[in-house]
Amino acid sequence: MTRQKNDILQGTLVLLVLKTLADGRRMHGYAITAHIQRVSADLLRVEEGSLYPALHRMAQDGWLRAEWGMTEKNRQARFYTITKAGKRQLALEEESWARLCSGVQRVLRYV
Amino acid sequence: MSWFARLRNVFRADKVSDEIDREMAFHLAERADDLVDAGVPPDEARREARRRFGSYVLQKENTRDRDILVWLETLFVDFRYGLRGLRRNPVFGLTTVLTLAIGIGANTAVFTLLYGLLLRSLPVAAPQELARIGLVNITDPYAGSASLIPYRMLQQLRQQQRSFVDISAWSTPGNVHVEDQDGTLRKHVTGLVSGNSFALLGLRPRLGRLITPSDDVPGGPAVGWPVVLSDSFWRDRFGGDPGIIGAPLKVSGTVVTIVGVTPASFHGVWPGVEPKLYLPMQFLTVLFADLDDLNSPRSSVWCAAIGRLKPGVSFAEANAEVVTSQPRLLRDFSPPDFTRDHPLFREAKLTVESARTGLPTFFGRAYSAPLSLMQGLVALVLLLCCVNVSGLMMSKLHERQHELAVRTAMGAARVRLIRQCLTESFVMALAGAALGAAAAWYGSGLLLQFFRDPMMGTWMSVQPDHAVFLVTAALAVCTTLFFGILPAWRASRGNPAALLKSRTAAERQMAGRGFVAVQVALSLVLVALATLLSQSLIRLRGEDTGFDVHHVTIQTPSFHLLPLKGAAKLDLYQRMVDRIARSPRIRSAAVTWYTPLTGFQSTGRFEALGDEPASPDEATLAYNMVGPGYFRTMATAILAGREFEAHERRRDVCVLNEAAANFLFRGQAALGRYVRSGGRVGLERNRDARSFAAPITCRVVGIAEDAKFASPHEPPPRTIYFPLAADLDDGNLVFLMNAPTKADAVAAYTDALQEIVPTIPLSLFVTLQEQMDASLGSQRAITLVSTCFAAVALLLSAIGLYGMLSSSVTQRTGEIGVRAALGASRGTIVRMILSDALRLVGIGALLGMVALFFAVHAIEHMLYGVSEFDLTTLVATGALLTVVVITASFWPARRAASIDPMRAMRAD
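Those protein sequences? They're chains A and B, same order as listed. Each residue of the first sequence is one higher than the last, beginning at 1128 in the numbering used here. Each residue of the second sequence is one higher than the last, beginning at 157 in the numbering used here.
The following block contains the structure:
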């Protein structure tokens, strides 16, 4: 499987999805993709094929709540909202991300 | 984490797949719409949307994962992957497999004994219907508590009962002697059975026929007595020759005819004791020429009774019936007066109990507790092995984190990863179980050496069978779950983004550290228990027993075979003693009624008699009857007076040990004073009950040094010794020979026997040391097992600690590099690693102390001369652990200290 340079690694995908939904918004998969792309100014591009299995897993892990609903274009779509567990997970993911970043920066300073 | 949801998905694969399909369809439609809005033609927009989505098929496969067929398919792949992993990393594989083999093997070996002794059903038809009927409250040193019933009473019960299909009689296992291939007479354990016994069990012969009712008639059948051989005896003695049926065999001097062989799976009805020959019950009158009363109303013969319940009759119903018929049975068929009047007998109660596993034996009674304890110990070892392997797996997976992270990133399902890890664990557990089962096969044989009946000189015999393999297999599965689940769970949980970016940032191995602490705790418990037990054993073996354990050899001759009684028999014993003592290599020889350290001693009540009023306290004394030269032979010092002389054969003289003399005469000189028996004596071990029915008054002629009697665990009891009197009946006396080596004693005895009574077979020669070891058998076994496994535990903990520190140093390479670059000295870094290790060990040691506090109660009763919270033991254990910890930490610490800061930091 070839991978474009700015594809998002799946672990980070979780962080980004949770962050996207963090303020309690109710979004379907396509909107999440679009949101991430937009806020990162097209720097990050969600690999669409892995988004849905990831959403599914996150729902199974209890981080997201999923339900079927109608879009304004009258299409059936699955809408996701973040749960309490999801918020806790988001905090963890953010912390580990921050640790990673600071670790990388610290090491970079010494090289 | 919702496991349940996942499990549910297995059964609703279609629905999940369908949901994702619908979601994807929506996504494609939205994307296509956007593209159309941007001016792309609809057809091309759909294609482009597809292209952007990536491999649609791949996504479908991800969901199809939950299908059962695929599940099995991947299981096989995982299995092969696991095998390949073992080959790829043989050191890890070998360590894991060996560790598991130790744990599983030890458990299987001990369980083999426990199962064979206590749990296995007799290999006969419908064993759950079998019942044993016996008089409870009659204590018998040989055969368990509730197993025996007077033979005549059994006959009567058999006639009048309605609960059983039939009731059969089994003698307690005894010995007969049969010539070996090379012509020497050898003793063999034998069972005497009533004619209906084998038919009642539903046994089919391996060869020929079994004992039938027509064989079991007074005087024997017209064609002569039949004998049935056990399968093992038939193989050992006759090489499995099928033509042996009909051949004559001389059994204890009587020629009998071999009529059949029992099936190979049948090892008798006494777990642990395997008779080699079976003869009809009535053969008892041949073996004991003076025993003509087997069929008389006054018969004193007791036996075990095995009945088969009628269909639909419960044990409770059978019990109720037997209890109602008890009063008449007791009145009509109780044995001679001396037992009938005894309170024990009057309190006796007929009971019916299950005989599914056979009849109770010495082994079952004596060894079930130690074996259970041992099972507990090895279970602890298995737990430790699992923890250790778990730790190894964890650090192994840690190295594979990148592989796993890549796979997660590519969308591998978490369940899939967990399953793969578990399959790998299972491959190793299976290999470990196979190796462990092989080890257990020999290990249980080795352990059996320690389980010996100190009276009969026989070893316990237990055969491993298919049940043991079931247990091994079950252990393999359990251990897999036990040691595999945590690493697998963690492996599936890694954060791939973090991991793929950098090695240094990985979170610290909290679980791995926890494992090390648990390992240290378990080792501490095992090491402390082993130390306590070893100390006890050393003390027990090293303590002054009051006699010479190293040079005294024991032989119990089968003089009951001779038609001699009373004084004539005593004369024969004395002739043998004189002849043996004449041999130049023999220091001294004697005969005695009981030898010490067999676990048994007779007791009775005695009081001092003298010028002043008799002492108010009646004292319970242990008593023994000994021939002239006993004290010299045993090297028990005579402190005052003398020992018995050859002409003294009446109980009008006695020797007291110091403790008895001081107690009876309150520290005043006892020599020349008189002792009187207070009532009946010796009924506790009714071997000699008859001769003590009348009160005795005897003069103290000697004071002997205190010596142990029944058990090395107990301090020397107050003991009174009597001369051997002519009224001692059937029981055989025991020869004691003090010689520089056992071989000298054997040679002297064999010569004497050849010259005086060549028709008597040789019995087992045992030294007092061996007898003591036999009576300490289970204790020695437990000490050995716990010591071995304490060593294993220490080794495992060291490996675990080493592994944990090594991978922690690897993980912290960057950090250590930074520290080094900032000017940390080698010493500082070594101290850092060591203190890390010591902190873990400290936590583990604390946990271990708490566990020890509870564990020590299990071995309390086996401790001798050491307190259960012995300070020396704790200090020694702590010191040992510290040494092991420092050794295990040394190499990782050294490696950490020699990290080159530049290279360490560039690695990222």
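Even for Gly, the Cβ is constructed at its ideal location relative to N, Cα and C. Treat the numbers as computed from the prediction; the structure is a model and nothing was measured.
Tell me, please, whether the CB atom of residue i is closer than 8 Å to any CB atom in chain A?
i, result
"Ile972 (chain B)", "no"
"Arg464 (chain B)", "no"
"Glu186 (chain B)", "yes"
"Phe182 (chain B)", "yes"
"Phe209 (chain B)", "yes"
"Ile176 (chain B)", "yes"
Is any heavy atom of the ligand PLP found at a distance shorter than 7 Å from the C-beta of residue i?
i, result
"Val253 (chain B)", "In terms of ligand content, the structure shown is empty, and the ligand PLP therefore cannot be addressed."
What does the alpha-carbon distance come out to for the pair residue i and residue j?
i, j, result
"Tyr307 (chain B)", "Val349 (chain B)", "11 Å"
"Ser386 (chain B)", "Ala1035 (chain B)", "54 Å"
"Ser551 (chain B)", "Gly956 (chain B)", "10 Å"
"Ile462 (chain B)", "Ser324 (chain B)", "5 Å"
"Phe232 (chain B)", "Ile1163 (chain A)", "40 Å"
"Thr751 (chain B)", "Val890 (chain B)", "7 Å"
"Thr513 (chain B)", "Trp326 (chain B)", "15 Å"
"Val583 (chain B)", "Gly261 (chain B)", "16 Å"
"Ala1052 (chain B)", "Val247 (chain B)", "23 Å"
"Trp1224 (chain A)", "Ala1218 (chain A)", "10 Å"
"Arg1226 (chain A)", "Phe625 (chain B)", "51 Å"
"Tyr830 (chain B)", "Ala775 (chain B)", "14 Å"
"Gln482 (chain B)", "Leu286 (chain B)", "20 Å"
"Tyr905 (chain B)", "Phe389 (chain B)", "28 Å"
"Pro873 (chain B)", "Ala504 (chain B)", "29 Å"
"Leu1073 (chain B)", "Thr701 (chain B)", "It is not possible to answer for residue 1073 (chain B), since the shown part of chain B is limited to 157 through 1064."
"Lys864 (chain B)", "Phe703 (chain B)", "8 Å"
"Tyr237 (chain B)", "Ile641 (chain B)", "18 Å"
"Thr687 (chain B)", "Gly592 (chain B)", "26 Å"
"Pro369 (chain B)", "Met309 (chain B)", "19 Å"
"Thr712 (chain B)", "Leu892 (chain B)", "9 Å"
Using a Cβ cut-off of 8 Å (strictly closer), state whether residue i contacts chain B.
i, result
"Arg1153 (chain A)", "no"
"Glu1175 (chain A)", "yes"
"Gln1131 (chain A)", "Caution is warranted here: a pLDDT of 37 is assigned to Gln1131 (chain A), below 50, making its placement in the model unreliable, and the coordinate value is therefore given only provisionally. So no, Gln1131 (chain A) is outside the interface."
"Ala1149 (chain A)", "no"
"Gly1156 (chain A)", "yes"
"Ala1218 (chain A)", "no"
"Arg1205 (chain A)", "yes"
"Arg1202 (chain A)", "yes"
"His1162 (chain A)", "no"
Is it buried or exposed for residue i, if we count other Cβ within 10 angstroms and need 16 for buried?
i, result
"His803 (chain B)", "exposed"
"Glu699 (chain B)", "exposed"
"Leu1145 (chain A)", "buried"
"Tyr598 (chain B)", "exposed"
"Arg1165 (chain A)", "exposed"
"Glu1222 (chain A)", "exposed"
"Asn1111 (chain A)", "Since the displayed chain A opens at 1128 and closes at 1238, residue 1111 (chain A) lies outside it and no answer follows."
"Ala644 (chain B)", "buried"
"Pro1048 (chain B)", "buried"
"Trp749 (chain B)", "buried"
Could you please give me the residues that DSSP links to residue i through a beta bridge?
i, result
"Cys459 (chain B)", "B:Ile305"
"Glu335 (chain B)", "B:Leu341"
"Lys505 (chain B)", "B:Val292"
"Arg982 (chain B)", "Paired residue(s): none; Arg982 (chain B) is not in a bridge."
"Leu435 (chain B)", "B:Leu348"
"Arg761 (chain B)", "B:Thr776"
Using C-beta distances below 8 Å, list every residue in its chain close to residue i, excluding the 5 sequence neighbours before and after it, in chain order.
i, result
"Thr413 (chain B)", "Val379, Gly380, Trp381, Pro382, Val383, Gly402, Ala403, Pro404 and Leu405"
"Ile859 (chain B)", "Ile794, Leu795, Ala796, Gly797, Val811, Leu812, Asn813, Glu814, Ala817, Ala826 and Leu827"
"Thr1160 (chain A)", "Val1173, Glu1175 and Leu1178"
Quick one: residues in its chain with C-beta nearer than 6 Å to the C-beta of residue i, no 5 flanking neighbours on either side, listed in chain order?
i, result
"Arg832 (chain B)", "Glu763, Leu765 and Thr853"
"Val457 (chain B)", "Tyr307 and Leu450"
"Asp900 (chain B)", "Arg741"
Once you ignore the five residues that flank residue i on each side, which residues in its own chain have a CB closer than 7 Å to its CB?
i, result
"Thr636 (chain B)", "Leu578, Ser581, Phe582 and Ala585"
"Leu726 (chain B)", "Arg805, Leu880 and Ala882"
Any beta carbon of chain E sitting closer than 8 Å to that of residue i?
i, result
"Glu179 (chain B)", "The chain inventory of the structure shown lacks chain E, comprising the protein chains A and B."
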